[in-house]
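**Q** Shown below is the structure under consideration.
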Amino acid sequence: HPVNIPRREKDFQGMLEYKKEDELKLVKNLILELKPRGVAVNLIPGLPAYILFMCLRHADYVNDDQKVRTLLTSTINSIKKILKKRGDDFETVSFWLANTCRFLHCLKQYSGDEAFMKHNTSRQNEHCLSNFDLAEYRQVISDLAIQIYQQLIKCMENILQPMIVSGMLEHETIQGVSGVKPTGLRKRTSSIADEGTYTLDSILRQLSAFHSTMCQHGTDPELIKQVVKQQFYIIGAVTLNNLLLRKDMCSWSKGMQIRYNVSQLEEWLRDKGLMVCGAKETLEPLIQAAQLLQVKKKTDEDAEAICSMCQALTTAQIVKVLNLYTPVNEFEERVSVAFIRTIQTRLRDRCESPQLLMDTKMIYPVTFPFSPSSLALETIQIPSSLNLAFLTRV
Amino acid sequence: RTSSRPRILLKAPTLAEMEEMNIFEEEDSP
Chain A
42 HPVNIPRREK DFQGMLEYKK EDELKLVKNL ILELKPRGVA VNLIPGLPAY ILFMCLRHAD
102 YVNDDQKVRT LLTSTINSIK KILKKRGDDF ETVSFWLANT CRFLHCLKQY SGDEAFMKHN
162 TSRQNEHCLS NFDLAEYRQV ISDLAIQIYQ QLIKCMENIL QPMIVSGMLE HETIQGVSGV
222 KPTGLRKRTS SIADEGTYTL DSILRQLSAF HSTMCQHGTD PELIKQVVKQ QFYIIGAVTL
282 NNLLLRKDMC SWSKGMQIRY NVSQLEEWLR DKGLMVCGAK ETLEPLIQAA QLLQVKKKTD
342 EDAEAICSMC QALTTAQIVK VLNLYTPVNE FEERVSVAFI RTIQTRLRDR CESPQLLMDT
402 KMIYPVTFPF SPSSLALETI QIPSSLNLAF LTRV
Chain B
5 RTSSRPRILL KAPTLAEMEE MNIFEEEDSP
């Protein structure tokens, strides 16, 4: 009777042996056919990256440069292929961004380069690559990660875009400030129409969904911060652009509503521990536009106050808001032509672009700060659900 | 020490060049 005695973990060297002819099967099962919403939900974050790296370690260990090259090429091409196929699915893109970054971190952490070994345990140092320097491949994988990041931003933008104007500008959560009579009765009867309307709450829920998906996938916290900053930039830019194009959005009460909405977004950041990621700062032009709707716009002193307050807005934007400003009741009046002239004169010497609308397609440059993992490769086990029984733990 | 051992630098193709080495040729062709 053959008795299957499980090996102790310390006997493993954190490598996975595979036959050359199984390489295609490996990338198919692990990359192309893996469903982030199915099997992958229960995996340890970054598991596909660790598995691929452990296979790579074995190819390096047996000193087979061709095997190393083809595994890296197949991995990169498979990730590109799955993103081509399911690039509009946020979960897929987020999953492969997290795993590509983890793979990149592994290539650094186990490169043998002392700069990346500072936080390694002595056992982890024994697991460094022994034959090949993959610095050039690291660059290619970093380029791939940038591509995936840009795809993630596009994907996220496609989902957020239709919610922004409705949730940030049109929908009113503060009752009775708009000057329009409260419409309790009408609201109830038009509930079917309302179902298609996005509110600020829809935006906040969507932001939370993005955030929790990225956390689940083990995305580096520093990378999450960059994604959130980009999300806030898009929300701020789209909202401001619409305000600059719509007279009905330039009133005292809209200013109030926008400031309330911004405070809710800030509250969301605080709740997620993201107050220092630069996201709030991207809303500054919108915040100033909302303040501009609310301040007095009559005297020379008012003009001076406006000029010193609106540093994040261009002259074109300030003048546009003042021109569009619409009183909602009899206590207010339109901004006089003379007042707008005064503002223009005061801002004449500002060095800036004549730009009116913000560039909603702008993407901040992304970086992937090195983030080593404390996970011991020799302890990693492969769940049978991944269909990788042809890999041997070494 | 692992870190001081010389390793052979593997020259890498660019991302675009890699795409040309299509590993899924059979399956991709109509």
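Each protein sequence line maps, in turn, to chains A and B.
Residues are numbered in this note's numbering as their position in the first sequence, beginning at 1, plus a constant of 41.
Residues are numbered in this note's numbering as their position in the second sequence, beginning at 1, plus a constant of 4.
C-beta atoms are modelled at their ideal positions from N, C-alpha and C, and glycine is treated no differently.
1) Any idea if Gln-396/A is buried or exposed, counting beta-carbon neighbours within 10 angstroms, 16 or more meaning buried?
2) Hey, out of Leu-281/A, Val-82/A, Tyr-151/A, Lys-338/A, whose CA is closest to Gly-259/A's CA?
3) Are the beta-carbon atoms belonging to Gly-87/A and Gln-192/A less than 7 Å from one another?
4) So, is the C-beta of Asp-184/A closer than 7 Å to a C-beta in chain B?
5) Would you please verify whether the beta carbon of Leu-124/A is less than 7 Å from any beta carbon of chain B?
6) List the residues that DSSP assigns as beta-bridge partners of Asp-63/A.
7) What do you reckon, are the CB atoms on Met-56/A and Val-435/A nearer than 7 Å?
8) Between which residues of its own chain and Cys-291/A is the CB-CB distance below 7 Å, once the five residues before and five after are set aside?
9) Since Leu-73/A and Lys-122/A should fall inside the 8 Å C-beta cutoff, what is the C-beta to C-beta distance between them, to a whole number of angstroms?
10) DSSP puts Ile-12/B in a beta bridge; with which residues?
11) Kindly say whether Phe-173/A, judged by its beta-carbon, lies nearer than 7 Å to any beta-carbon of chain B.
12) If you reduce the DSSP assignment to three classes, tell me which class Leu-113/A lands in.
13) For the candidate residues Glu-132/A, Lys-159/A, Lys-66/A, His-168/A, whose alpha-carbon lies nearest to that of Tyr-91/A?
14) Would you call the CB atoms of Arg-315/A and Val-269/A closer than 7 Å?
15) Taking the DSSP output, what are the residues bridged to Arg-434/A?
16) Return the CA-CA distance between Thr-408/A and Glu-374/A, expressed in angstroms with no decimal places.
17) Could you check how far apart the C-beta atoms of Phe-131/A and Thr-254/A are, in whole angstroms? I think they sit under 8 Å.
18) I want to see whether chain B comes within less than 7 Å of Glu-177/A, judged by CB atoms only; does it?
19) Throw me the rounded Cβ distance for the Thr-141/A and Ile-189/A pair, which I believe falls under 8 Å.
20) Applying a beta-carbon distance threshold of less than 7 Å, which residues of chain B neighbour Val-80/A?
21) What's the gap between the Cα of Phe-144/A and the Cα of Glu-307/A?
22) Which residue from Glu-23/B, Leu-19/B, Met-25/B puts its Cα closest to that of Val-183/A?
23) In chain order, which continuous runs of the alpha helix (DSSP H) of length 4 or greater are located wholly inside the stretch 237–288 of chain A?
24) For His-99/A, which option in Lys-76/A, Lys-61/A, Leu-75/A, Arg-78/A has the closest C-alpha, if you only look at C-alpha atoms?
25) Between Thr-114/A and chain B, is the shortest Cβ-Cβ distance under 7 Å, so that the two count as touching?
26) Decide yes or no for the touch test of the stretch 158–178 of chain A against the stretch 10–18 of chain B: beta carbon pairs closer than 8 Å, at least 3 of them.
27) Output the distance between the C-alpha atoms of Ile-359/A and Cys-351/A, rounded to the nearest integer angstrom.
28) Is the CB-CB distance between Leu-243/A and Gly-208/A below 7 Å?
29) In the structure shown, what three-state DSSP assignment does Gly-319/A receive?
30) For Glu-137/A, which option in Phe-53/A, Gln-257/A, Lys-159/A has the closest C-alpha, if you only look at C-alpha atoms?
31) Quick check: Ser-115/A and Val-68/A, are their CB atoms within less than 7 Å of each other?
32) Rounded to whole angstroms, what is the Cα-Cα separation between Asn-172/A and Arg-11/B?
33) Taking 8 Å as the cut-off, does the stretch 423–431 of chain A touch the stretch 154–164 of chain A (at least 3 CB pairs, one atom from each stretch)?
34) Val-181/A CB to nearest chain B CB: under 7 Å?
35) According to the neighbour-count rule (16 or more other Cβ atoms, all chains shown, within 10 Å of its Cβ), is Ser-231/A buried or exposed?
36) Between the alpha carbons of Cys-318/A and Tyr-274/A, how many angstroms are there, rounded?
**A** The structure says:
1) exposed
2) Val-82/A
3) no
4) yes
5) no
6) Answer is none; Asp-63/A lacks a bridge partner.
7) yes
8) Leu-284, Leu-334, Val-362, Leu-365, Tyr-366, Thr-367
9) 7 Å
10) Phe-173/A
11) yes
12) helix
13) His-168/A
14) Looking at the sequence provided, one finds Leu at residue 315/A rather than Arg. Cβ distance < 7 Å, so Leu-315/A and Val-269/A count as in contact.
15) Leu-57/A
16) 49 Å
17) 7 Å
18) yes
19) 6 Å
20) Simply none; closest approach about 22 Å.
21) 33 Å
22) Checking the sequence, you will find Ser at residue 183/A rather than Val. Here the closest residue by C-alpha is Leu-19/B.
23) 241–257, 262–286
24) Lys-61/A
25) yes
26) yes
27) 8 Å
28) For clarity, residue 243/A is Ser in the given sequence; the question names Leu instead. Yes, the pair counts as a contact, with Cβ atoms nearer than the cut-off.
29) coil
30) Position check: residue 137/A holds Trp in this sequence, whereas Glu was assumed. The shortest Cα separation from Trp-137/A among Phe-53/A, Gln-257/A, Lys-159/A belongs to Gln-257/A.
31) yes
32) 5 Å
33) no
34) yes
35) Confidence at Ser-231/A is low in this model, with a pLDDT of 42, below 50, so its placement is unreliable and the value that follows should be read with caution. By the 10 Å Cβ count, Ser-231/A comes out exposed.
36) 12 Å
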